[in-house]
Every structure is written in C-alpha cells, then in structure tokens.
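**Q**
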Amino acid sequence: SKSLKNGEGISLKNVALRFSNYWEKIEATISFESSLDKIDLKISNLKILESSSKGTSSSFSNNFTEINSIQSSGFFEIKGFISSELKNIRFYEACSNCRRKVDNCTCDQKGDSKMTMIISHIVEDESGKIRATFIGEAAEKLIGTKADSIVKVKDTPAYDELIENFSAELVGRDIMIKGKVKFSDYSDSYEIVASNFQDINVEEELENRINEIIS
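Per UniProt numbering, the sequence shown starts with residue 1, numbered consecutively.
1) Less than 7 Å between C-beta atoms, sequence neighbours within five positions excluded: which residues of the same chain meet that for Cys105?
2) Is DSSP giving Ile163 helix, strand or coil here?
3) Relative to the C-alpha of Gly7, which residue among Ile43, Ile118 and Arg90 is closest?
4) If I follow the unbroken alpha helix (DSSP H) through Lys141, where does it start and stop?
5) Among the residues of its own chain, which have a CB less than 6 Å from the CB of Lys182, if the five just before and after it don't count?
6) Tell me which residue opens and which closes the beta strand (DSSP E) that Ser149 is part of.
7) Where Phe81 and Cys107 are concerned, what is the direct C-alpha to C-alpha distance, given to the nearest angstrom?
8) Taking only three categories from DSSP, how would you classify Lys180?
9) When DSSP builds the beta bridges, which residues end up paired with Arg131?
10) Are there three or more Cβ pairs, one per stretch, closer than 8 Å when the segment 182-197 is compared with the segment 131-144?
11) Quick one: residues in its chain with C-beta nearer than 8 Å to the C-beta of Ser84, no 5 flanking neighbours on either side, listed in chain order?
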C-alpha cells in the first residue's frame, strides 16, 4: 500500500468535477474507477491545510449505504450532496411534548405550541438520489435560522428573497444523514426523514477516498 503526505504531488484520472455553491469551489468526486499516481510537483508558496481532528460524529456508525441500494424501510446512514433548490418551507404548530401537530396531539396534558418547519431536498451520491426531509430542530440546524423568525416574513416580499438566499447556501452542500427510510406511494420511491445530520469535511473525505484507492 501507499501513503500520502501533505505537500506531495498527485495525478488523478477518471474523477467527476463539480462546483459546490456551499463551499464556493470546484470539487473532485473519486470513485473506485478513479486512479491516482504520485508525481514530482513543485508549487511555490503552497498552503498546507491541517487535517481535521474532529472526525465523524459519534452518533454515526460510518456504515453508510449507497442510495440506490436502499430497497427496504428502516434506519440508514447515507452521504451525498444536496442537489435540489429550496422552493418553499412548510410550517405547522406542534405540541412541545409529543411534537405532533396540535390537532393530532394525544397528550393528557398538552404542552405549549411550538412553530415547526419542514424542509425537503434531493440528496445525491454516485449511485442515485433520494428525497430527504428535515423537520423541526433538524430543519433549523440545516438553514441556521429559527422557524419563528422565518414565519414572521412568510407573507411578505422578503420571504422569496430569503428562500433564494437559503437555497444558494444549500445547493451543493456535502452532507451525511442518519434517519428513517420509508417508501412513499406519492413519489413511488424511498424517502428519508433525517434524525441527525452533519456537514462532510471535504478535505478529510477526499483523503479517505484516496487512501481507499491506493491501499
């Protein structure tokens, strides 16, 4: 096996290039059909990036499933990038205890109502795509804004501009998701509801994929 060090030159072949709006740079996707060779490359004033010490969140098992191979309901971990624009955000009043819609709450003593939002996106990997839905705190974490703040401008001209800004930040974002997958009769496909997610460290992911190829 080979090993790579910061500052070494490499040549990559059969990789897919795309521009990430989230990271604002071009990224290379490496597959098992890609090839890597070390080369003698000298670059003046080379900036060396430090490897992240955070690693993958302990809530993820690292047992990721390719999207196209999901053929049953259950809990899965996937990773990919957000490929669809944000068109709208749905809102509803939820019970703070059971988190169901207020009209569907079955609590003996109902909690305070809480404004909750739902966001859906298409997430893609090298094998396929899946609709991912983020509800409540997961949706707020995804766009970095509380539901109460957004619903205040829902019926104003500022809402459309806000959606466009959110969309520009989300499209191309590399993400890993843990959640429950169910088959949707409406879309005639499997969909995932995110119970947890986190952004992918692109540099760390690239290093891992390269090591898979050369090992």
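Ideal Cβ positions, reconstructed from N, Cα and C, are used throughout, including at glycine.
**A** Short version:
1) Numbered from 1 along the sequence shown, position 105 holds the residue referred to as residue 105. Result list for Cys105: Cys95 and Cys98, in chain order.
2) For this step, residue 163 is matched to residue 163 along the sequence shown. If DSSP states are grouped into helix, strand and coil, Ile163 belongs with the helices.
3) Taking the sequence shown and counting its residues from 1, the one referred to as residue 7 is at position 7. Looking at the Cα atoms, Ile43 is the closest of the given residues.
4) On the sequence shown, position 141 is the one that residue 141 refers to. Here the alpha helix (DSSP H) through Lys141 covers Glu137 to Ile143.
5) For the purposes of this step, residue 182 is taken as the residue at position 182 of the sequence shown. Cβ neighbours of Lys182 beyond the five flanking positions: Ser73.
6) Residue mapping note: residue 149 aligns to position 149 of the sequence shown, counting from 1. Not the beta strand (DSSP E): Ser149 falls in the alpha helix (DSSP H), residues Ala147 to Val151.
7) To locate residue 81, count along the sequence shown from 1; it is residue 81. To locate residue 107, count along the sequence shown from 1; it is residue 107. Cα-Cα distance, rounded: 38 Å.
8) For the purposes of this step, residue 180 is identified with residue 180 of the sequence shown, where counting begins at 1. Here DSSP, grouped into helix, strand and coil, assigns Lys180 to strand.
9) Here the question's residue 131 lines up with position 131 in the sequence shown. Arg131 is bridged to Ile122 and Glu191.
10) yes
11) Stepping through the sequence shown from its first residue, residue 84 is reached at position 84. Hits under 8 Å: His121, Ile122 and Val171.
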